[in-house]
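For the sequence shown, UniProt numbering assigns the number 1 to the initial residue and increments by one for each residue that follows. Note that CB positions come from ideal geometry on N, CA and C, so glycine has one too. Okay, so here's the structure we're looking at.
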Amino acid sequence: MPTRLYRFHCTDGHDLVADLRGKRLPTVALVRMHAERVALKLMRGGGKLDWSAWQVDVYDATGRPVTSKPFTDLLR
């Protein structure tokens with residue numbers, strides 16, 4: 001199955017954690033799952049920050065938006 005490159009940038013509208021390497025994945029379902037993993041990893045390593053305004057914005061290799069995942073979806 002062919003894969004495509006996606007970048008998973010995390011932001012709260014002010015601060016940005018940019019994904020400079022990206023990840024190759026074959027399906028949008030796997031992209032969504034990986035976005036959740038990225039958010040969880042950042043929250044685990046970020047101490048007791050307020051993550052309620054943060055989200056993962058996923059872009060394809062051309063810079064087009066693919067999906068977004070609010071961190072609050074994972075805090076519930």
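Residue burial classification, residue i (beta-carbon count within 10 angstroms, cutoff 16)
i          : result
A39        : buried
residue 83 : Lying outside 1 to 76, the shown extent of the chain, residue 83 is not represented and no answer is given.
V28        : exposed
Residue span of the beta strand (DSSP E) that contains residue i, given as start and end
i           : result
G60         : Sequence inspection shows Asp at residue 60; the Gly mentioned does not correspond to that position. Element bounds for D60: Q55 to D60.
residue 104 : The structure shown has nothing for residue 104, since the chain only spans 1 to 76.
R64         : Per DSSP, R64 belongs to no beta strand (DSSP E) and is neither H nor E.
L25         : K23 to L25
CA nearest to the CA of residue i, picked from the options
i   : options               : result
P70 : A61, P26, L5 and G13  : G13
T67 : G47, W51, K48 and E36 : E36
C-alpha gap between residue i and residue j, whole angstroms
i   : j   : result
L5  : D15 : 23 Å
C10 : V17 : 5 Å
G45 : A53 : 17 Å
Y59 : F8  : 7 Å
T72 : W51 : 7 Å
Span of the alpha helix (DSSP H), counted from its first residue to its last, around residue i
i   : result
L74 : T72 to L75
R44 : V28 to G45
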